[in-house]
Amino acid sequence: MNTNGSRATRWDAIVVGAGMGGLATAAYLTAAGQRTLLLERYQVLGGFSHVFRRQGKWEFDIGLHYIGDCGPSGLTTRVLRGLALDERITFRQLDRDGYDIVVAPDFELKIPSDWDGYLDNLIAAFPGEERALRRYLSVMRRLGSGVDRSRAAASLRGEAEAWRHAGPAAAWRYVPHGVLLTACGLSPRAVQVLSQYSGAYASAPTAAPAGLHAGFMDTFISGGAWYPEGGAQSLAANFADVITTHGGEIRTGTGVEKILVDGGRVNGAQLDDGEILHAPVVVSDIDIKKTYLDLVGREHLPWRLNRRVDRWKMATPYLATYFGLELDMRRQRNANYYVIPSWEDATSVRNLSRIIPDLATKAQRRDPEEWARDHAARMPGMVFSGTTRDPFNLRSAPPGCGSMEVLSIVPPVGPVWGIEPQELADGSYRRSGIYRELKDILIEGMLDRVERVYPGARSLVRFHEAATAATHYRYTGTQSAAGLQLRPSQFGMFRPRSATPIPGLFLAGASTAWGPGTLGAMLSGMHAAGAILGRDLDAEVQAGLVLADRTRLGAYRGETDPLLASRGFRGTSDLSARARHDASA
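Numbering (our numbering), first residue to last: 846 to 1430.
As C-alpha cells, this is what we get:
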C-alpha cells in the first residue's frame, strides 16, 4: 500500500543499490532503451567505490584502491567502451616494476606486471626454494593467464573453457590456495608472503580457491594495475551521466523496504516511505542475504534457495584506517604495500593458519581489549595512498601532504566489539566507550604498518579516522565489502549468476560469479543487463558495439567535482543543471 500518498509509478526495471554493479546495470539498461530507476539509500553513489572528505582538504577512498586490466584491450576498458566511457575515464598505471610491494620484517618483495619478473623476485627473496617456487607459479600461471574472467563466470560453458585452458593445473582450481602452497613444499615464511593477497579479497588462504587467487593475480600481473584520474569517484559520476542522459532516473537517500512478488514473479518495489514502484524487473546490488531474506522474504523463496541462503557464509569485514600526513606522497613510489609485522606466526604453516581465526573469524569470544592488542601486533596491513596514485588530484591532499588508507581484516560486529544488535541498528554503538577504545588501539596498530613503509610518518599525522564493520553497515547496509566468502563451495560454478529462481529478480555486485572488487562489480552489472535483455552484451561489446550515444554525454566532465556530481539525486535526469547548482552551493 502506498502510505505516503505518492503515485504508483511503472518502470521497465528498478535497480536497488548504486554500487558499481548497480550503476553498471542501470547504465547498460538505459543505454539499451530501458526506462530504468536506480535507488540508493545513501546520499552518494558508488557503494564501496565512493570517496569521502574531511576538514576540507583530505579525500579518502572507501574501497577502490586500484583496478586491473585497464589497457586498450583490457576487461575494464571493455565494460567502459560499451557505455562510450572508454575515452572519458582515463587511468594512471602504477609502477610496472612493482605495483605492489610486500614489506616483510627483513626484506621487500616487488610484484611487477610480469610473471617472469615476479618469479625472479621470488627466487631472489627465497633462493633456497627455487624449485618449489617454480612449481607453484607454473600452476598459478596456467590457472590465471589467458582466462577471460568475464566469460568464464558467465556460464558453465565458460567455466568448462577455463578448465580446458588450465590443462593439468585445472585440478587445483577449486582447491584452497593454502593447500597448494603447502603441497609445493614452500617454507612457512614463503607461504605467508605468497598468501598476503588473501586480505585483498577478504578470505583466508585456507578457504580461498587457488583458481580465484590465480585469476586475481593475473588481472594485475598480465593486465597491469591502474587508478582512475580524478579519483575513485569519477567512475560513479560517469556512470550516472550515462543513466541520466539516456532517460534513466536516480534517487539517492531512498531506501527499499520490500521487493514486491506477485504470483511468483517480481512486480516492483516498496520504498521505506511506503511509495510503490512497479516494474517487471528488479535488480539487487545490495547484500545478497538481505536481498532474499528481508526484501523478498522467505515465503517467496523456493525451498532449495531457502536452504542455500542459510548455508551461505559472508566474507570477513574490513577495518579501514585513514590518515592525513604532512608527508609529500606525490613524490613517493607509485605502489601499494602489504606489510607483515613480524615472523612470529611463521614458525609453522599450522601457526600461520591461526592468524585469521584468532584475529577475525573466531574472535567473538575473546576479551575485547586483548583481541584488539593482539590484532594490532599480528595482523598484516595493506597500505594505499590515493595521493600517490593520482598526484594531480588536488582534492586528495594539500601540497606537500598525502592521504593514506590502511586495510586489514576484522571480525563482524558482535561481542568482541562490545556492540549489541540494537546498538548497531540505531547507531548508538558510536557512543560506546569500549568501542572507541578498541578503535584507538587498532588505529595505533595500523599506524605501525605505515611507519614500516614510511619511517617517521607517525609524527607527521595531521588527521586520522577509522571505519569498522559497524561503520560499513551504517553506510552501505552490509558488513562484508567482498560479499559472499570466497571458498570452494561459493566460487565459480557454485556462485550466484545474474538470474535467480524468482522470475524478474536479478543480481549484481560482489556476491555474484564475477566476484568482488570494482572490476568484478562492473562485469556483474553488464551481465545482469544482458540477462534482462536476453542478449550477450559481453560478446556484442567485444565485437565493437557501443550502446550509449557519445553525443548525449557531457553533463559530467572532468572539471566538475565528481563527488558533487554523485550526490543529491532526487529523481531528476538533469544532471548538468544539478551539478552546476551543487558546485555553486
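Glycine included, each C-beta is placed from N, C-alpha and C at the ideal position.
Where the beta strand (DSSP E) containing residue i begins and where it ends
i, result
"Gly1113", "Arg1110 to Leu1116"
"Trp1071", "Ala1070 to Pro1073"
"Arg937", "Phe936 to Gln938"
"Ile1121", "Ile1121 to His1123"
"Ser1129", "Val1127 to Ser1129"
6 Å Cβ shell around residue i - same chain, five flanking residues per side excluded
i, result
"Arg1332", "Ala1052"
"Val984", "Ala1014 and Trp1017"
"Leu890", "Ala863, Ala1081, Ala1085 and Ser1411"
"Thr870", "Val860, Val1128, Ala1353, Gly1370, Ala1373 and Ala1374"
"Ala1007", "Val992 and Ala997"
"Thr1469", "Summary: the structure shown does not reach residue 1469, with the chain confined to residues 846 through 1430, and so no result is reported for it."
"Ala858", "Leu874, Gln879, Thr881, Ala1124 and Val1126"
"Arg898", "Glu904"
"Lys902", "Pro1243"
"Ser1429", "Only weak support is given to the placement of Ser1429: the predicted model assigns it a pLDDT of 27, under 50, and the value that follows is read from those uncertain coordinates. The answer is none, since no qualifying residue turns up."
"Tyr981", "Cys1029"
"Ser1253", "Leu1164, Met1224 and Gly1226"
"Tyr1019", "Pro1054 and Pro1333"
"Phe1336", "Pro1054 and Leu1057"
Exposed unless 16 or more other CB atoms sit within 10 angstroms - verdict on residue i
i, result
"Thr1161", "buried"
"Gly1108", "exposed"
"Thr921", "buried"
"Ser1304", "exposed"
"Gln900", "exposed"
"Ala1422", "In this prediction, Ala1422 has a pLDDT of 39, which is less than 50 and means its spatial position is unreliable; what the coordinates show is noted afterwards. Burial call: exposed."
"Phe1168", "buried"
"Asp1443", "In the structure as shown, the chain starts at 846 and stops at 1430, and residue 1443 therefore has no counterpart that could be examined."
"Leu909", "buried"
"Glu1250", "buried"
"Ser1187", "exposed"
"Arg1395", "exposed"
"Pro1073", "buried"
"Arg933", "buried"
"Pro1050", "buried"
"Leu967", "buried"
"Pro972", "exposed"
"Gly1399", "exposed"
"Lys1207", "exposed"
"Ala1388", "exposed"
"Thr1192", "exposed"
"Trp856", "buried"
N- and C-terminal bounds of the alpha helix (DSSP H) containing residue i
i, result
"Ala876", "Met865 to Ala876"
"Lys1207", "Run containing Lys1207: none; DSSP gives neither H nor E here."
"Arg1061", "The residue asked about is misnamed: residue 1061 is Phe in this sequence, not Arg. Unbroken alpha helix (DSSP H) run through Phe1061: Ala1055 to Ile1066."
"Gly962", "Trp960 to Ala970"
"Val984", "Glu975 to Gly989"
"Val1141", "Looking at the DSSP string, Val1141 is not in any alpha helix (DSSP H), and its letter there is neither H nor E."
"Leu920", "Leu920 to Arg926"
"Val1038", "Pro1033 to Leu1039"
Paired residues, beta bridge with residue i - DSSP
i, result
"Leu882", "Ile859 and Glu1094"
"Lys1103", "Gln1115"
"Trp903", "Arg899"
"Ser1248", "Gly1169"
"Leu954", "Val947"
"Glu1310", "Tyr1167"
"Ala1344", "Phe1351"
"Pro1021", "Pro1054"
"Val1228", "Tyr1182 and Val1251"
"Thr854", "Leu1122"
"Arg1415", "Arg1096"
"Ile1088", "Paired residue(s): none; Ile1088 is not in a bridge."
"Ile912", "Trp1071"
Beta-carbon contacts of residue i that lie in its chain and below 8 Å, excluding the five residues immediately before and after
i, result
"Glu885", "Gly862, Ala863, Gly867, Ile1095, Arg1096, Thr1097, Gly1098, Thr1099 and Phe1414"
"Met846", "Its pLDDT being 34, under 50, Met846 is placed unreliably by the model, and nothing is read from it."
Own chain partners of residue i with C-beta closer than 7 Å, once the 5 adjacent residues on each side are dropped
i, result
"Pro1257", "Pro1162, Ala1314 and Gln1324"
"Ala1059", "Met985, Leu988 and Gly989"
"Asp1139", "none"
"Glu1299", "For the record, residue 1299 in the displayed sequence is Tyr; it is not Glu. Contacts found: Leu1172."
"Ala1205", "Thr1161, Ile1254, Val1255 and Pro1256"
beta-carbon residue i near the ligand FAD non-hydrogen atom, thresh 6 Å
i, result
"Thr1192", "Of the ligands one can find in the structure shown there are none, so the ligand FAD has no counterpart to examine."
Original post:
Can you give, in chain order, each stretch of the alpha helix (DSSP H) that sits fully within the segment 1145-1197 and has at least 4 residues?
Top reply: Complete alpha helix (DSSP H) runs here, min 4: 1148-1156 and 1194-1197.
Original post:
Unbroken alpha helix (DSSP H) runs of length 4 or more, entirely within the segment 1361-1387: which are they?
Top reply: DSSP runs (the alpha helix (DSSP H)) wholly in the segment 1361-1387: 1362-1378 and 1382-1387.
Original post:
For the segment 994-1018, which segments carrying the alpha helix (DSSP H) assignment without a break, of at least 4 residues, lie completely within its bounds, in sequence order?
Top reply: The segment 994-1018 contains these whole alpha helix (DSSP H) runs: 994-997 and 1001-1011.
Subject >> alpha helix (DSSP H) runs contained entirely in the segment 1260-1336, provided each spans 4 or more residues >> reply: If we require 4 residues or more, the alpha helix (DSSP H) runs fully inside the segment 1260-1336 come out as 1266-1271, 1278-1298 and 1314-1321.
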